[in-house]
Amino acid sequence: MPSTHALSTSCRRPALLGPVAALLLGIASSASALTTAEREALDLSDYTVTDPDAGYFDVEARMALLDGTSNALLLQELDELATGTSCRQLLSIPPITTRLRVPGYYPNPEEWQLASEPLFQFEDSVSLLAGSFVATGDDYYADCLVRFLERWAVNDALLDFHYESMEPQAWFATESMIFAAAMAYSVVRPYINGRGQEQADVEEWLKRLSERHISIPGEEGNSCCNNHFYRRALYAAMVGVLLEDDALFQIGVSAVYSALHDLTEEGALPLEVARGRRATHYQNYALLYLIPIMEIVARQGYDIHDLEIDGRSIHDAVDFAMQAIADPANLGEDVPLEQYGGFLQDPQYFAWMELYQTRFDDPRIADFLPRLRPIYNRSAGGYMTLYVMPPETQQQVILDDDAPTTQGFDGLAAN
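Counted the way mature numbering (1 follows the signal peptide of the UniProt record, and there is no 0) counts, the sequence shown spans residues -33 to -1, 1 to 382.
Following this line, the structure appears as structure tokens:
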């Protein structure tokens, strides 16, 4: 790249596509977070959708592997999903068509939980249908998923959500519902037959919903550019692929550029580690969305994992997260040592690691994932262990109900 680019990048790309196009001149160095205007000025036009059926993992290859597996952990997952669910029951769930309003989590956790139950039900439903299809190969589940989503689509569900800068929770909640729907739909779409109109309705709804949602830029120095932007970018990347919409796809790519630009020399994401006692949690939480975005982009033929900005890559962010989990002192003097650890035994927060391990065999991750598997995240990928874990990696579920909160990370300190 020419030396006049203040945002220096390096990324190995397929030869037929050439280098990344020139980036905005005059962007500040990684001493500060990329602003919304700077991010939107990036020229990412070299990133285009090349395979609308690629999804975020190779469904056909995985189903073939699972069909012949003797891995007990995977067989348990297959058995649990083989019974599936009743399509009639799922179709009876009413779409959310009234104005969606959700209280904030931290000031009102109980009220937030109650208001979020229907939203979680949606995410679990679409993820279950996608997982049941992968486990069984039965078109019933693929057909049910498109019918389920079509009901929400024709009723303009989720399009009316409350948003104010001081009350963004419904906006936050909607973003995970969009990528839950898009990722589940990506799993089954190549296998749906005879539902052309329903698919057209679903895809048009996903486009309208994505464009409506992402038109809200968020607050500068906060939701414009932190983990909530990565969450919006995840659905943008996935919907962009499904609809062959390069503009949405490039929003997904821009999150990777933004995150790598923001990284400190140590690999910290400043807007995440600024969360005080939850710094470790939010550094990890950001990766929960950045890594799936990168996998979606990689499956379009781009060596996005090799991208470097100012000499830093996604691997630096992973290293910082693992070091912070191993010892909060690695966060630095300005971050409290008394880090919140409630997320450490909740497998949903580590779905990204299953994807990361398929490409990079990190021994620290290999040490602690066994006690958390099988990994399931109702919105950010679903049954991730079932979908991507190599059978030779782990044979059995490890049951240890008496393990301390940090048990899953015992192997980290030695690395």
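Note that CB positions come from ideal geometry on N, CA and C, so glycine has one too.
Small disclaimer: the values here were computed from a predicted structure and weren't measured.
Report the three-state DSSP secondary structure of Phe24 (helix, strand or coil). Within the sequence shown, numbered from 1, the residue matching residue 24 stands at position 57. It is coil, neither helix nor strand.
Own chain residues within Cβ distance below 6 angstroms of Glu324, not counting five before or after: Within the sequence shown, the letter at position 357 stands for residue 324. Here the sequence assigns Gln to residue 324, which means Glu is not the residue at that position. Setting aside the 5 residues that flank it on each side, Gln324 is surrounded in the same chain by Ile332, each with a C-beta closer than 6 angstroms to its C-beta; the list follows chain order.
DSSP three-state assignment for Arg244, whether helix, strand or coil: To locate residue 244, count along the sequence shown from 1; it is residue 277. Assignment of Arg244 by DSSP, reduced to helix, strand and coil, places it in the helix class.
Where does Asp270 land, buried or exposed, given buried means 16+ other C-beta within 10 angstroms? Locating residue 270 in the sequence shown gives position 303, counting from the first residue. For Asp270, the number of other beta carbons within 10 angstroms of its own is below 16, and it is reported as exposed.
Which residue or residues does DSSP assign as beta-bridge partners of Phe128? Numbered from 1 along the sequence shown, position 161 holds the residue referred to as residue 128. Looking at the DSSP assignment, Phe128 forms a beta bridge with Leu67.
Using alpha carbons as the reference points, say which of His195, Ala203, Pro70 and Glu239 lies closest to Gln217. The residue you call residue 217 lines up with position 250 of the sequence shown. For Gln217, the nearest C-alpha among the options comes from Ala203.
Based on Cα-Cα distance, which residue from Ile258, Leu238 and Phe128 lies nearest to Tyr249? Position 282 of the sequence shown, counted from the start, is the residue given in the question as residue 249. Of the residues Ile258, Leu238 and Phe128, the one whose Cα lies closest to the Cα of Tyr249 is Leu238.
Which word fits Gln80, buried or exposed, when buried means at least 16 other C-beta atoms lie within 10 angstroms of its C-beta? Start at 1 with the first residue of the sequence shown, and residue 80 comes out as number 113. Around the Cβ of Gln80, a 10 Å sphere holds fewer than 16 other Cβ atoms; the residue is exposed.
Under the three-state DSSP convention, the category Arg345 falls into: Here residue 345 corresponds to residue number 378 of the sequence shown, with the count starting at 1. Note: Arg345 maps to coil in three-state DSSP.
Report the three-state DSSP secondary structure of Glu7 (helix, strand or coil). Working through the sequence shown from its first residue, we reach residue 7 at position 40. Looking at Glu7 - three-state DSSP - the assignment turns out to be helix.
Thinking Gln290 and Asn297 are a contact (beta carbons under 8 angstroms), I'd like their distance in whole angstroms, please. Translated into the one-based positions of the sequence shown, residue 290 becomes position 323. Translated into the one-based positions of the sequence shown, residue 297 becomes position 330. The beta carbons of Gln290 and Asn297 sit about 4 angstroms from each other, so the pair counts as a contact at 8 angstroms.
Output yes or no for whether 7 angstroms exceeds the beta carbon distance between Pro61 and Trp119. The residue given as residue 61 occupies position 94 in the sequence shown. The residue given as residue 119 occupies position 152 in the sequence shown. Trp119 is positioned such that its CB atom lies no closer than 7 angstroms to that of Pro61.
With Ser94 as the anchor, note down where its alpha helix (DSSP H) starts and where it stops. As a position in the sequence shown, residue 94 is number 127, starting the count at 1. Annotation: the continuous alpha helix (DSSP H) that includes Ser94 extends over Pro76 to Thr103.
Could you compute how far the alpha carbon of Pro259 sits from the alpha carbon of Ala151? Against the sequence shown, residue 259 aligns to sequence position 292. Against the sequence shown, residue 151 aligns to sequence position 184. In a straight line, the C-alpha of Pro259 is about 13 angstroms away from that of Ala151.
Counting C-beta neighbours from all protein chains within 10 Å, is the total for Thr247 16 or more, i.e. buried, or is it exposed? The count along the sequence shown starts at 1 and reaches residue 247 at position 280. Label assigned to Thr247: buried.
Tell me which same chain residues have a C-beta within less than 7 angstroms of the C-beta of Val355, skipping the five on either side of it? If you number the sequence shown from 1, residue 355 lands on position 388. Result list for Val355: Phe24, Glu321, Leu322 and Thr325, in chain order.
On the CB-based measure, 16 or more other CB atoms within 10 Å of its CB, does Phe196 come out buried or exposed? Position 229 of the sequence shown, counting from 1, holds the residue named residue 196. Per the 10 Å Cβ criterion, buried.
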